[in-house]
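Asks: Please see the structure below; I have some questions.
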Amino acid sequence: RIAIIEKLPNGIGFYVDASVKSGGVDGEQDKHLSDLVANAIELGVSYNYKVTDNFVLQPGFIFESGPDTSIYKPYLRGQYNFDSGVYMAGRYRYDYARKTANYSDDEKTNRFDTYIGYVFDELKLEYNFTWMDSDQIKFDNKKTNYEHNVALAWKLNKSFTPYVEVGNVAVRNNTDERQTRYRVGLQYHF
718 RIAIIEKLPN GIGFYVDASV KSGGVDGEQD KHLSDLVANA IELGVSYNYK VTDNFVLQPG
778 FIFESGPDTS IYKPYLRGQY NFDSGVYMAG RYRYDYARKT ANYSDDEKTN RFDTYIGYVF
838 DELKLEYNFT WMDSDQIKFD NKKTNYEHNV ALAWKLNKSF TPYVEVGNVA VRNNTDERQT
898 RYRVGLQYHF
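Written out as structure tokens, the structure reads:
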């Protein structure tokens with residue numbers, strides 16, 4: 718996963734995120750780093766509105782394009798930054814997935830994220846809990862799902878920030894199986 722991010726002094730931000738996954742060839746889907754193929758491209762725009770010195774509201778919009786789906790994701794995020802380096806945030810996002818494969822129905826999902834994090838020097842540690850409520854089956858034959866994610870990022874300099882993330886996610890929509898997801902990436906800030 719690679720992201721290119723630009724945040725302007727006026728509060729407007731842009732980003733492009735590209736990700737790959739294992740499994741372009743049958744039988745290779747579950748083999749770690751085997752037969753890497755494009756997964757999705759995300760384009761995002763946001764505006765940081767500084768309500769107080771410690772509280773920021775961020776409306777934004779994300780467009781994601783994958784092999785058989787286009788997803789439109791408007792959101793509103795609020796974040797409070799404590800002077801100690803701790804921050805807490807919440808985000809509501811509406812995901813509208815336009816599916817193009819096999820005449821699938823479009824999917825509408827209300828997504829609620831909570832975050833707690835700590836920034837110290839060049840390191841950032843964050844925990845994120847996500848709850849999803851959809852019009853389609855998401856997990857365990859129900860129209861709801863959840864995820865846990867822990868991320869660690871290290872700001873090497875003003876431009877480069879590598880990160881690792883470990884998450885607990887659903888395996889399929891029709892079972893209660895869950896699995897650990899690992900992500901590694903590099904963010905480039907202009």
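Position in the sequence shown counted from 1, then plus 717, gives you our numbering.
Don't be surprised by glycine CBs; every beta carbon is placed ideally from N, CA and C.
In or out: N862 buried (at least 16 other Cβ within 10 Å) or exposed?
Replies: Within the sequence shown, the letter at position 145 stands for residue 862. Per the 10 Å Cβ criterion, buried.
Asks: In the DSSP assignment, find the beta strand (DSSP E) that holds K724 and state where it starts and stops.
Replies: For the purposes of this step, residue 724 is taken as the residue at position 7 of the sequence shown. Looking at the DSSP string, the run of the beta strand (DSSP E) that includes K724 is 719-724.
Asks: Pull up the CB-CB distance for G807 and D830, whole angstroms please, since I reckon it's below 8 Å.
Replies: Counting from one through the sequence shown, the residue named residue 807 turns up at place 90. Counting from one through the sequence shown, the residue named residue 830 turns up at place 113. Indeed they touch by this definition, with Cβ atoms about 7 Å apart.
Asks: If you reduce the DSSP assignment to three classes, tell me which class Y818 lands in.
Replies: The residue given as residue 818 occupies position 101 in the sequence shown. The question names Tyr, yet the displayed sequence has Ala at residue 818. Here A818 sits in coil by DSSP.
Asks: With a CB to CB cut of under 8 Å and the five nearest residues on each side skipped, what residues in its chain are close to T786?
Replies: Here residue 786 refers to the residue found at position 69 when the sequence shown is read from its first residue. Cβ within range, chain order: A814, R815, K816, T817, A818.
Asks: Assuming S801 is part of the beta strand (DSSP E), what are its boundary residues?
Replies: By 1-based counting over the sequence shown, the position of residue 801 is 84. Counting along the chain, S801 falls outside any beta strand (DSSP E), and DSSP gives it neither H nor E.
Asks: Determine, using beta carbons only, whether A735 and I719 come nearer to each other than 7 Å.
Replies: The residue given as residue 735 occupies position 18 in the sequence shown. The residue given as residue 719 occupies position 2 in the sequence shown. Going by C-beta atoms, A735 is nearer than 7 Å to I719.
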